[in-house]
Structures are given as C-alpha cells and as structure tokens.
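Only one structure is covered here, and it is reproduced in the block below.
Numbering (the UniProt record's numbering), first residue to last: 1 to 645.
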C-alpha cells in the first residue's frame with residue numbers, strides 16, 4: 001500500500017495545481033476581457049484576424065478554381081432571384097404601391113419606453129456596408145418625412161421603386177420592438193441600380209452605397225418633376241386602380257398633358273441631402289476674380305492629417321481654407337498680354353514703315369495695321385468696361401477670316417482658390433476619407449482618431465450676406481450675428497479593420513413617432529422625434545449604448561441633421577403652393593445690393609449678382625416658409641438678396 005499511496009500523492013498534487021491554474025486563467029480572462037473590449041483596438045484586431053482568415057480562404061478557392069467554376073455555372077438570373085428573396089409581391093407592384101411602404105411604426109408602450117430595441121439586418125455575405133448605411137439613414141427624421149411626402153404625393157403612373165423600398169426599410173428599422181429581430185434588406189437590393197454589385201458577396205464601401213442610394217432618389221425626383229401624363233385615363237388611373245396601376249395597361253394615345261398640380265407643389269420641397277458649394281478662383285497677380293460658381297453636393301469628403309488625433313472642426317477648417325495654385329490661366333492677364341503683344345506688333349510695323357518710307361512695299365507692310373488697331377481697341381474696350389467673362393469668337397484666335405490674332409495664354413500665375421458652403425443641406429453627411437498612400441505607393445488606412453461633437457455649428461464654414469472678391473480675403477467672414485446654422489448628431493458609421501477588408505458598425509439615435517399614417521392607425525400626419533437613447537448596430541446584433549460611447553468611436557461617416565429653432569419634431573405635410581407673386585420675386589431681383597469688403601469694380605459687382613441670382617429658385621421655398629416670421633435679414637433688402645442659407 002505504501003508504494004501505491006506514494007505514487008498517488010504526486011499525481012493528486014499535479015491535478016490540483018493544474019485545476020487551480022485553469023481557474024486562475026479563467027478568472028484572469030474574466031477580469032481582463034471587459035477591459036480589452038473597451039479598448040478601441042479590440043474590434044480592429046478581431047476583424048483583422050477574421051478578414052485575414054476570410055481572404056486566405058478566398059485565395060485558396062481561387063487557386064483551386066472553385067470561384068471561377070461557380071461564376072461560370074451560375075446564371076445571371078441567380079442574382080435577380082437572390083435580390084428578390086423574401087419579397088411577397090412582385091417588383092412591378094412595388095414601384096406603384098404607395099401604401100405598402102407605410103408600415104406601422106407606432107410604439108406599443110409609448111415613446112418614452114427605453115426598453116425597446118430596433119431590428120437588425122441579416123448579413124447575406126459581406127453586406128455589412130449596405131446594412132450600416134441603411135441603419136444610419138433610418139435615424140434621420142427629415143429623410144423619413146421627405147420620402148413619405150414623395151411617395152404619397154406622386155400619381156400612380158410614376159414609378160418610385162427606390163424611394164418606396166428605402167422608405168419601407170427605414171420604417172422597419174425605426175419601429176420599436178420588445179424582442180430581438182432581424183430581416184433581409186431584400187426590397188432595397190431588388191430596386192437598387194446595379195444590384196449585382198450589392199449581392200456579389202465581395203466587400204464594398206459604405207460611402208459608395210450612400211452615393212448610389214442618394215443618386216437613385218435624386219433621379220426619381222427629377223423624373224417626377226419632368227413627368228408628362230398621356231391623357232384622362234392616366235389621371236383617373238390612380239383612383240380606379242390605386243395599387244395595381246401599370247403604365248403598360250394605359251398606352252399613351254393622346255397628346256401629353258402636364259403633370260397635375262400635386263406634383264408641381266411637391267417639387268418645391270428640397271432634397272434634404274442636397275446643398276450648394278460656393279467656389280471662388282482669383283488671380284493674385286492682377287486681382288481679377290471670376291464669377292463665384294455654385295455646385296450641388298450630397299456629402300462632403302474630409303481628409304485626415306498624418307497625426308494621432310484631430311478634431312472635426314480642424315478638418316472643416318482645412319476644407320474651407322484658401323489654397324494657392326500655380327500654372328492657372330487668368331482671363332484678365334490673358335487679355336492684357338494679348339494687348340501688349342498686339343501693341344508690340346503695331347510698333348514694329350510702324351518702325352518698318354518709317355524705314356521703308358520710299359519703298360514700293362509700303363502698302364504690303366501696313367495692310368494689317370488697321371485690323372490690329374481695331375482688335376487692340378476692342379480688347380481695351382472690354383477691359384475698361386469689365387467685360388472679361390465674355391467669350392471671344394475663337395478660344396485661341398481673335399478676329400475673323402485670315403486676320404485672326406493669336407491669344408496669348410497668361411499661365412504660371414499664382415491664384416487663390418476657396419470653397420465654402422453656400423447652401424447648407426438639412427441633412428449633413430460627412431465622409432471621413434481614411435485612404436492614404438505610403439511612400440512605397442501602397443494604400444493603407446489612416447487610423448487618426450477624429451473627435452466630433454454632438455452639436456455642430458456649421459456657420460463658420462458657410463457664406464453669408466458679405467461676399468468678398470479680394471483674392472487674399474475669404475469669401476465670407478464669420479460673424480456671431482450669423483450664428484444660426486447648428487446641427488445635431490443622428491448617426492455614425494464606423495469601420496473596423498484595415499484598408500482592404502473589415503467590418504462596418506453603426507451608432508444611431510433612437511427615433512420614434514407617436515402617430516402613424518399606416519392603414520391601421522389612419523393618422524393624417526406623423527411627427528418624428530429623435531431621443532437621447534443610442535443603439536450600436538452590427539448586422540443582426542443591436543445593443544443599447546451611451547452617448548459617451550458614440551463620441552469615443554473613430555468615425556468613417558457622420559450624419560448630422562439641422563436643428564430647428566422651435567422644435568425637434570418633423571411633421572410630414574405636403575407643402576402649399578407658393579404665395580409669393582412674380583412681382584415680389586422680381587422686386588427681390590431688382591433690389592440694390594451692398595457688398596462690404598468687396599472690390600468696387602463693376603465686374604466684381606456683376607459677378608456677385610450673377611452668382612447669387614443662380615440661387616434664387618432654391619431660396620424661393622425657404623423665403624416663403626419664413627415670410628410670416630419676418631427675421632432680421634428680411635428687414636434689410638440688400639442683405640436678403642445675398643442670403644445663401
């Protein structure tokens with residue numbers, strides 16, 4: 001017995017030590033795990049490992065030829081069938097059925113119940129980029145109101161597949177639930193252009209999906225505005241066949257008619273994603289400034305510095321700061337150089353004339369002199385009258401037939417260029433570009449930590465009633481009196497991983513509506529309101545989180561919404577017909593303008609007049625909505641004419 005007990009004692013000691021070691025490791029991991037999960041590098045490491053494994057697996061499939069075999073044997077109809085998965089009605093009906101998109105969104109226990117969650121989205125194979133964008137858009141009250149207005153106001157013969165599919169998906173993602181649920185975004189995939197790119201199981205970019213969706217919505221809006229109806233049968237189609245109207249059933253046989261008034265009314269409602277950028281290019285050599293041009297945008301791309309941390313305000317300052325360009329052609333310098341060259345030719349001709357006073361070739365020498373003097377006089381007249389922007393008959397030559405004179409392009413001039421926001425959108429989308437080039441030429445992800453606020457004041461980066469054309473002065477200088485452009489953070493899209501692969505996660509604000517316009521509820525209007533509660537959504541996983549957690553994230557896309565002065569609620573109504581008459585509009589156009597800090601030349605004034613006149617149609621609806629409140633800027637007609645909102 002003694003040898004047996006002596007053999008068991010060390011074994012028991014070893015087993016006891018091993019069990020204690022295992023429990024110690026488990027306890028240590030239980031303590032360290034929450035700390036590691038709160039680290040910003042946790043998700044990067046996890047998704048990098050996952051992405052590396054997935055890339056290695058795909059590389060093996062390519063080497064074995066399995067991927068090509070699947071692509072060769074899979075018909076194109078497969079992608080269309082997969083896109084329409086789980087849809088219980090045809091795509092053709094989806095285009096015209098306006099009531100189908102209005103699913104019920106009323107919370108069961110009231111809007112103040114914080115125990116509710118929202119639906120997640122199933123990842124159908126590297127589709128987190130699409131899921132993250134849809135979740136981010138679903139927390140925008142103004143976009144809900146805009147899409148509902150467009151869907152309900154359009155007549156039956158106008159197909160709006162993307163608008164209605166996106167609206168239905170957003171309402172599904174906003175409906176408060178008291179159990180965890182998820183669904184496939186099949187409807188929006190089926191209606192999106194080039195849906196094969198969305199469901200081909202390859203990793204894509206969330207910013208590209210956002211642009212694809214916004215472009216599709218804008219294209220459908222333009223079709224609504226340009227629509228023409230082909231007779232009384234089309235007008236009656238919506239009443240007779242509200243849910244099953246097909247344009248093929250009603251061929252156009254009569255002379256096209258204009259759209260009903262309901263379509264004309266809703267066209268005055270601006271796209272909440274669209275804004276205008278003001279672009280100014282000035283010559284530092286002569287001080288000439290071209291007309292300030294305006295360009296539409298639906299998102300702003302901000303570049304990150306090569307640093308560890310930065311702020312959103314620093315990025316916006318860099319975006320709107322003046323930059324100096326070389327080798328820019330200046331129109332005024334070009335005309336001045338041409339006049340100098342012509343004057344030199346005239347001087348040489350006169351010298352030859354004096355030297356050959358008695359020569360028989362004198363008429364041949366002086367035959368071009370009148371034409372050169374005429375062209376020089378014309379160019380000098382244009383310069384004196386500030387008509388520099390007028391195009392010549394030929395871009396490279398001046399004159400007619402064989403008497404044309406070459407225009408000397410004045411290049412290598414130092415010019416200043418600046419971009420500012422002329423018309424801020426209701427929904428501000430900021431794309432944080434994290435792509436950077438290494439010295440070797442390779443692309444890598446810029447991991448700079450971006451700090452961003454919950455409330456953003458965009459006024460310092462917008463134009464106001466003072467527009468400057470001086471090359472070394474900003475277009476507009478921020479004043480505390482114009483501090484009326486504030487935004488509230490609504491959703492954040494975060495990317496984990498490296499530049500080639502990773503995972504998208506969305507942080508979004510809770511959005512609720514106490515009333516609902518669906519068939520069951522029957523309310524006449526909806527009032528969406530953003531709460532202080534936040535969700536972290538990763539495909540099907542939805543968790544409640546705090547605002548501090550959101551502000552600590554390193555964003556890839558930021559979605560802000562303009563804050564209304566009176567209320568945060570967004571009421572869905574069809575805008576009334578504009579009451580401002582043509583005479584009042586013309587009065588605004590004819591009002592004298594005042595430019596503070598600008599050049600006093602007629603050309604500068606005319607450039608500003610032309611550039612601001614381009615915005616009058618866009619300002620019309622905003623002027624009408626604020627006409628009753630009589631704000632301070634309306635009391636000064638000169639400033640009212642220059643407002644770019």
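Glycine residues also receive a C-beta, built at the ideal position from the N, C-alpha and C atoms.
*So what does residue 125 bridge to, in DSSP terms?*
Position 125 of the chain shown holds residue 125. DSSP lists no partner for residue 125.
*Could you pull out every unbroken beta strand (DSSP E) segment of at least 3 residues lying fully inside the region 282 to 333, listed in chain order?*
293 to 297, 300 to 303, 309 to 311 and 323 to 328
*asked:* Output needed for residue 169: all residues of its chain with C-beta closer than 7 angstroms, excluding positions within five of it in sequence on either side, in chain order.
replied: What you label residue 169 is simply residue 169 of the chain shown in a count that begins at 1. Here the set comprises 134, 185, 187 and 188.
*Could you tell me which residues DSSP pairs with residue 503 in its beta bridges?*
As a first step, residue 503 must be located in the chain shown, where it is residue number 503. Partner(s): 496.
*Where does residue 214 fall in DSSP's three states?*
Walking along the chain shown from the start, residue 214 turns up at place 214. Of the three classes helix, strand and coil, the one that applies to residue 214 here is helix, per DSSP.
_Cα-Cα separation between residue 552 and residue 509, rounded to whole angstroms_ = Within the chain shown, residue 552 is the residue found at index 552, counting from 1. Within the chain shown, residue 509 is the residue found at index 509, counting from 1. Approximately 15 angstroms between the Cα atoms of the pair.
*To which residues of the same chain is residue 629 closer than 7 angstroms at the C-beta, ignoring the five residues directly before and after it?*
Here residue 629 refers to the residue found at position 629 when the chain shown is read from its first residue. Since pLDDT at residue 629 reaches only 40, below the 50 mark, its modelled position is unreliable, and the value read off the structure follows with that caveat. Nothing meets the Cβ criterion.
*Proximity of residue 164 and residue 475 at Cβ, strictly below 8 angstroms*: Position 164 of the chain shown holds residue 164. Position 475 of the chain shown holds residue 475. No, these two residues do not count as a Cβ contact at 8 angstroms.
*Run through DSSP, which three-state label would residue 23 get?*
Within the chain shown, residue 23 is the residue found at index 23, counting from 1. In this structure, residue 23 counts as helix in the three-state DSSP scheme.
*Host beta strand (DSSP E) of residue 555 (start-end)*: In the chain shown, residue 555 corresponds to position 555, counting from 1. Taken as a continuous stretch (DSSP letters only), the beta strand (DSSP E) holding residue 555 covers 555 to 562.
_Burial state of residue 317 (16 or more Cβ within 10 Å)_ = Counting from one through the chain shown, the residue named residue 317 turns up at place 317. Exposed, since its Cβ has fewer than 16 Cβ neighbours within 10 Å.
*Can you name the start and end residues of the beta strand (DSSP E) that residue 376 belongs to?*
Along the chain shown, one-based indexing puts residue 376 at 376. Element bounds for residue 376: not the beta strand (DSSP E) but the alpha helix (DSSP H), 369 to 384.
*For my contact list, residue 143 and residue 272 are in at a C-beta cut-off of 8 angstroms; report their separation, rounded to the angstrom.*
Position 143 of the chain shown, counting from 1, holds the residue named residue 143. Position 272 of the chain shown, counting from 1, holds the residue named residue 272. That belief holds up - the Cβ atoms of residue 143 and residue 272 are roughly 6 angstroms apart, short of 8 angstroms.
*Whole-angstrom Cβ separation of residue 282 and residue 471, contact assumed at under 8 angstroms?*
Stepping through the chain shown from its first residue, residue 282 is reached at position 282. Stepping through the chain shown from its first residue, residue 471 is reached at position 471. About 4 angstroms separates the two Cβ atoms, so the contact holds.
*Rounded to a whole number of angstroms, what is the C-alpha to C-alpha distance between residue 206 and residue 20?*
Locating residue 206 in the chain shown gives position 206, where the first residue counts as 1. Locating residue 20 in the chain shown gives position 20, where the first residue counts as 1. Going from the Cα of residue 206 to the Cα of residue 20 covers about 48 angstroms.
*Give the DSSP-derived three-state secondary structure of residue 144 in the structure shown.*
Position 144 of the chain shown, counting from 1, holds the residue named residue 144. Residue state, collapsed to three classes: helix.
*Would you kindly work out how many angstroms separate the C-alpha atoms of residue 504 and residue 434, rounded to a whole number?*
Taking the chain shown and counting its residues from 1, the one referred to as residue 504 is at position 504. Taking the chain shown and counting its residues from 1, the one referred to as residue 434 is at position 434. Those two C-alpha atoms are separated by around 14 angstroms.
*Name the DSSP bridge partner or partners of residue 456?*
Numbered from 1 along the chain shown, position 456 holds the residue referred to as residue 456. Looking at the DSSP assignment, residue 456 forms a beta bridge with 487.
*Mind checking whether residue 183 and residue 119 have CB atoms under 8 angstroms apart?*
As a position in the chain shown, residue 183 is number 183, starting the count at 1. As a position in the chain shown, residue 119 is number 119, starting the count at 1. Yes.
*Apart from the five residues on each side of it in sequence, which residues of its chain come closer than 7 angstroms, Cβ to Cβ, to residue 414?*
What you label residue 414 is simply residue 414 of the chain shown in a count that begins at 1. 284, 285, 324 and 326, listed in sequence order.
*Across which residues does DSSP place residue 135 in a beta bridge pair?*
The residue given as residue 135 occupies position 135 in the chain shown. The partner list for residue 135 (beta bridge, DSSP) is empty, contrary to what the question assumes.
*Under 8 angstroms between the Cβ atoms of residue 214 and residue 425?*
As a first step, residue 214 is located in the chain shown; it is residue number 214 there, counting from the start. As a first step, residue 425 is located in the chain shown; it is residue number 425 there, counting from the start. For residue 214 and residue 425, no; Cβs fall outside 8 angstroms.
*How about residue 379: is its Cβ closer than 7 angstroms to a heavy atom in the ligand PLP?*
Among the components of this structure there are no ligands whatsoever, and the ligand PLP is therefore not found.
*DSSP-derived helix/strand/coil call for residue 340*: Residue mapping note: residue 340 aligns to position 340 of the chain shown, counting from 1. Of the three classes helix, strand and coil, the one that applies to residue 340 here is helix, per DSSP.
_Run of the beta strand (DSSP E) containing residue 543, from where it starts to where it stops_ = Position 543 of the chain shown, counted from the start, is the residue given in the question as residue 543. That run of the beta strand (DSSP E) goes 541 to 545.
*asked:* Short of 8 angstroms in beta carbon distance, which residues of its chain neighbour residue 103, apart from the five on each side in sequence? Order them along the chain.
replied: Looking up residue 103 in the chain shown gives position 103. Here the set comprises 168, 171, 172, 175 and 518.
*Among residues of its own chain, excluding the 5 on either side of residue 309, which ones have a beta-carbon nearer than 6 angstroms to its beta-carbon?*
In the chain shown, counting from the first residue as 1, residue 309 sits at position 309. Excluding residues within five positions, the ones whose Cβ falls inside 6 angstroms are 449.
*Tell me whether residue 421 sits in a helix, a strand or coil according to DSSP, three-state version.*
As a working note, residue 421 is residue 421 in the chain shown. Note: residue 421 maps to strand in three-state DSSP.
_Paired residues, beta bridge with residue 538 - DSSP_ = Locating residue 538 in the chain shown gives position 538, counting from the first residue. Beta-bridge pairing links residue 538 to 541.
*Report the residue from 125, 276 and 562 whose alpha carbon sits nearest the alpha carbon of residue 294.*
Translated into positions along the chain shown, residue 294 becomes position 294. Of the listed residues, the one whose Cα sits closest to residue 294 is 276.
_If I follow the unbroken beta strand (DSSP E) through residue 116, where does it start and stop?_
For the purposes of this step, residue 116 is taken as the residue at position 116 of the chain shown. Premise fails: residue 116 is in no beta strand (DSSP E) and is neither H nor E.
*From the DSSP output, which residues share a beta bridge with residue 431?*
Working through the chain shown from its first residue, we reach residue 431 at position 431. Answer is 301 and 557.
*In whole angstroms, what separates the C-alpha of residue 289 from that of residue 469?*
As a working mapping, residue 289 is identified with position 289 in the chain shown. As a working mapping, residue 469 is identified with position 469 in the chain shown. Rounded to whole angstroms, residue 289 to residue 469 spans 6 angstroms at the Cα level.
*So, is residue 223 buried or exposed, given that buried needs 16 or more other C-beta atoms within 10 angstroms?*
Here residue 223 refers to the residue found at position 223 of the chain shown. So residue 223 ends up on the exposed side.
_Proximity to residue 467 [Cα-Cα], best of 441, 311, 540 and 477_ = In the chain shown, the residue the question calls residue 467 occupies position 467. Nearest C-alpha to residue 467: 477.
_Exposure of residue 455, with buried meaning 16 or more beta-carbon neighbours within 10 Å_ = Position 455 of the chain shown, counted from the start, is the residue given in the question as residue 455. Burial call: exposed.
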